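Colleague: Residue numbers (this note's numbering), protein chains in the order written: chain A, -9 to 126; chain B, -9 to 126; chain C, -9 to 126; chain D, -9 to 126.
We put the beta carbon where it would ideally sit given N, CA and C, even for glycine.
These figures come from a predicted structure and were not determined experimentally.
4 protein chains.
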Amino acid sequence: MYRHEWKMRVSYADTDRMGYMYYGNYPKFYEVARVEALRNVGISYKELEDSGVILPVGDLKVKYIKPAYYDDQLKVVTIIDKVPGVKFHFRYEIYNDKEELINIGETTLVFVDLKTGKPCRPPHHIEEIFQSVITE
Amino acid sequence: MYRHEWKMRVSYADTDRMGYMYYGNYPKFYEVARVEALRNVGISYKELEDSGVILPVGDLKVKYIKPAYYDDQLKVVTIIDKVPGVKFHFRYEIYNDKEELINIGETTLVFVDLKTGKPCRPPHHIEEIFQSVITE
Amino acid sequence: MYRHEWKMRVSYADTDRMGYMYYGNYPKFYEVARVEALRNVGISYKELEDSGVILPVGDLKVKYIKPAYYDDQLKVVTIIDKVPGVKFHFRYEIYNDKEELINIGETTLVFVDLKTGKPCRPPHHIEEIFQSVITE
Amino acid sequence: MYRHEWKMRVSYADTDRMGYMYYGNYPKFYEVARVEALRNVGISYKELEDSGVILPVGDLKVKYIKPAYYDDQLKVVTIIDKVPGVKFHFRYEIYNDKEELINIGETTLVFVDLKTGKPCRPPHHIEEIFQSVITE
């Protein structure tokens, strides 16, 4: 299991009329945390795309346990349980300042070859990285 | 079953670098479609909140089947299968111009009494409306 | 002068903790209104881009007069005073349900040739359209 | 003059179909940078609001010089030239990784007393802080 933490603050832009972080902004938090989790093991999502492989999201699940509030400094934990194949699965746990688990998420991304538009295996170095990172 | 259709166009703001509608913008489309589905049976979400009942989202599921592109006029179908109790469940189907189903979503909202902060039954008129609308 | 009106509703996603439409969401409203103003005279912004001409924004001004609130149905008026050259100037006036002017905006867009990356004249048919529309 | 720097990365959510950061996302970057500039001198924007004073934005200007791209780590410089009175003026300069100035912004915020809904003087401690910080 690979586990990575990233701190993100709830901005005014993220809030809604209820005073909560808007429910539709969590996927953005997942995206940022996921990209940083990859960067942390030497994978640049940008370079991946520039090399001709994109990673669109196939499905998303979110469980809202407690609200996040304006200016909260959230800890977003990204968890990768399995070496990616054609599909790349991520889980997320979000904790507030009091270390309460307030939100759980999941996304499945799919490696897609830009040229063919078809799902494909991940680049070799990505498989290798996660083979070593996950079994550590 | 209550079924309501709403047309929404993908703006430039909604797009991302891949040329797709960003995966995190679908929940906003669901929100707008859901509010219009309620308005269509005489329920103002705003008045509901002003009367002291809020409806935070408890969970969300999204299945991304095909991308939505800039300027696409999407048809967002909101489906309510069950008279709301403490929980209010919505399904969404999004179709593109070619009538292809490109996205499926689900949200469960929870009626919460603003004063107590606790889950509560929906206001009586809302139960009544859906008792008549769903069994039609 | 060419003047076009477009109705847009403030969604929950657009609101902030103050209960207002977030100040950073007005440019998105301008974008949508601007694209519809062009569509109304037969210009598809999407086709324009697909033909190799993009229109990045060069500057933006916003004056916030009164707040917009959740669920307000706003009237966004797009005004074009001058036939576009390399620069394309738009003004916006936003009115609430009570016909109060609540927001004024301006954007200057620049025609850019995708191939050269340099500013360019607008496609001929766009100049022609605005020559006839504005002097009407 | 008070000058504060804050690093912010362009997320996928921030990008648009052109591959640029969407023009409407800069105000959000200004907001985050502004709040951090205040935090840096001991002012919590959240506490300010909780004490009954809000700071809605009265006007905004943006000059887009060069695009920001996906994954760029931007340096957002917030500049306060003048001790705030009823109005609080901020300037912003955004630099990319190559230290190129790519964007300039300005916002004028207004102190408003939540109870009366009217513009008001800033809380005394805020005036004091900026009297010392700016004349340093």
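Using a Cβ-Cβ cutoff of 7 Å, what residues of the segment -2 to 17 of chain B are near chain C? List them in chain order.
Modeller: Result list: Ser1, Tyr2 and Ala3.
Colleague: With a threshold of 7 Å on Cβ separation, who are the neighbours of Leu28(A) within its own chain once the five nearest residues in sequence on each side are excluded?
Modeller: Around Leu28(A): Tyr35.
Colleague: So for Lys18(A), helix, strand or coil by DSSP?
Modeller: Correct three-state label for Lys18(A): helix.
Colleague: Does the CB of Tyr(-8)(D) have a neighbour CB from chain A at under 8 Å?
Modeller: False, the Cβ-Cβ gap to chain A never drops below 8 Å.
Colleague: For Gly9(B), I'd like the list of residues in its chain whose CB is within less than 6 Å of its CB, leaving aside the five on either flank, ordered along the chain.
Modeller: Answer for Gly9(B): no residue qualifies.
Colleague: Between which residues of its own chain and Val102(C) is the CB-CB distance below 8 Å, once the five residues before and five after are set aside?
Modeller: So the qualifying residues of the chain are Val43, Ile44, Leu45, Pro46, Lys108, Pro109 and Cys110.
Colleague: Could you tell me the distance, in whole angstroms, from the CA atom of Arg24(A) to the CA atom of Ile119(A)?
Modeller: Each residue's Cα considered, the two are about 15 Å apart.
Colleague: Does the pairing of the segment 70 to 77 of chain A with the segment 66 to 77 of chain B give three or more beta-carbon distances under 8 Å?
Modeller: Too few Cβ pairs lie closer than 8 Å, so no.
Colleague: Using a Cβ-Cβ cut-off of 6 Å (strictly less than) and excluding sequence neighbours within five positions of Pro113(A), which residues of its own chain qualify?
Modeller: If we look at Pro113(A) and ignore the five residues flanking it on each side, it has no Cβ neighbours.
Colleague: Since I believe Ile33(B) is in contact with Ile116(B) (beta carbons under 8 Å), could you give me their beta-carbon distance rounded to a whole number of angstroms?
Modeller: With 8 Å as the limit, Ile116(B) and Ile33(B) qualify as a contact, their Cβ atoms being about 6 Å apart.
Colleague: Thr97(A) lies in the beta strand (DSSP E); which residues open and close that run?
Modeller: Leu91 to Val100 is the extent of the beta strand (DSSP E) around Thr97(A).
Colleague: Answer with buried or exposed for Thr106(C), where buried requires no fewer than 16 other C-beta atoms within 10 angstroms of its C-beta.
Modeller: So Thr106(C) ends up on the exposed side.
Colleague: Here's a check: name, in chain order, each residue in its chain whose Cβ is nearer than 7 Å to the Cβ of Glu90(C), leaving out the five neighbours to either side.
Modeller: The residues are Lys56.
Colleague: Output yes if chain B places a C-beta closer than 8 Å to the C-beta of Pro74(A); else output no.
Modeller: By this cut-off, Pro74(A) is not an interface position.
Colleague: Applying the criterion that 16 or more other CB atoms from any shown protein chain within 10 Å of the CB defines a buried residue, is Met(-9)(A) buried or exposed?
Modeller: So Met(-9)(A) ends up on the exposed side.
Colleague: State the DSSP-derived secondary structure class of Val31(D), mapped to helix, strand or coil.
Modeller: It is coil, neither helix nor strand.
Colleague: Since Asp61(A) meets chain D, which of its residues come closer than 8 Å, beta carbon to beta carbon?
Modeller: Neighbours of Asp61(A) on chain D, chain order: Val25, Ser34, Tyr35 and Lys36.
Colleague: Give a yes or no on whether 8 Å exceeds the smallest Cβ distance from Glu21(C) to chain B.
Modeller: Yes, contact with chain B.
Colleague: Which of helix, strand or coil does DSSP assign to Val123(C)?
Modeller: Reduced to three states, the DSSP call for Val123(C) is helix.
Colleague: Looking at the structure shown, is Val76(C) part of a helix, part of a strand, or coil, going by DSSP?
Modeller: It is coil, neither helix nor strand.
Colleague: Here's the rule: buried if 16 or more other CB atoms are within 10 angstroms of the residue's CB, otherwise exposed. What is Gly95(A)?
Modeller: Buried, since its Cβ has 16 or more Cβ neighbours within 10 Å.
Colleague: Spatial neighbours of Lys53(D) within its chain, please: CB distance less than 6 Å, with the 5 preceding and 5 following residues excluded, ordered by chain position.
Modeller: Only Ile94 meet the Cβ criterion.
Colleague: By Cβ distance, which residues of its chain are closer than 8 Å to Lys(-3)(A), with the 5 residues on each side in sequence left out?
Modeller: Correct list, in chain order: Gln63, Leu64, Lys65 and Val66.
Colleague: Can you name the residues that DSSP bridges to Arg(-7)(A)?
Modeller: For Arg(-7)(A), which the question treats as bridged, DSSP gives the partners Ile69(A).
Colleague: Can you tell me where the beta strand (DSSP E) with Lys53(A) in it begins and where it stops?
Modeller: Residues Val47 to Tyr54.
Colleague: From the beta carbon of Leu28(B), is the nearest beta carbon of chain A less than 8 Å away?
Modeller: No, no contact with chain A.
Colleague: Check each residue of the segment 84 to 115 of chain A: if its Cβ is closer than 7 Å to any Cβ of chain B, include it; give the result in chain order.
Modeller: Result list empty, no residue passes.
Colleague: Could you tell me which of Asp40(A), Leu99(A) and Gln121(A) sits nearest to Val76(A), measuring between CA atoms?
Modeller: Ranking the options by Cα distance to Val76(A), first place goes to Leu99(A).
Colleague: Can you give me the C-alpha to C-alpha distance between Phe80(C) and Asp40(C), rounded to a whole angstrom?
Modeller: Spanning the two alpha carbons is a distance of roughly 22 Å.
Colleague: Using a Cβ-Cβ cutoff of less than 7 Å, which residues in the same chain neighbour Asp61(C) once the five nearest sequence positions on both sides are dropped?
Modeller: Correct list, in chain order: Arg(-1) and Val0.
Colleague: Between the C-alpha atoms of Lys18(C) and Thr97(C), what's the straight-line distance to the nearest angstrom?
Modeller: Spanning the two alpha carbons is a distance of roughly 12 Å.
Colleague: Just checking my contact of Tyr13(C) with Leu50(D) at CB under 8 Å: how many whole Å lie between their CB atoms?
Modeller: So it is a contact: roughly 7 Å between Cβ atoms.
Colleague: CB-CB under 6 Å to Glu26(D), same chain, minus the five flanking residues each way: which ones, in chain order?
Modeller: So the list reads Trp(-4), once near-sequence residues are dropped.
Colleague: Which of helix, strand or coil does DSSP assign to Leu64(A)?
Modeller: Correct three-state label for Leu64(A): strand.
Colleague: Give the residues from the segment 37 to 49 of chain A that approach chain B closer than 8 Å (Cβ to any Cβ), ordered along the chain.
Modeller: Listed in sequence order: Glu39, Ile44, Pro46, Val47, Gly48 and Asp49.
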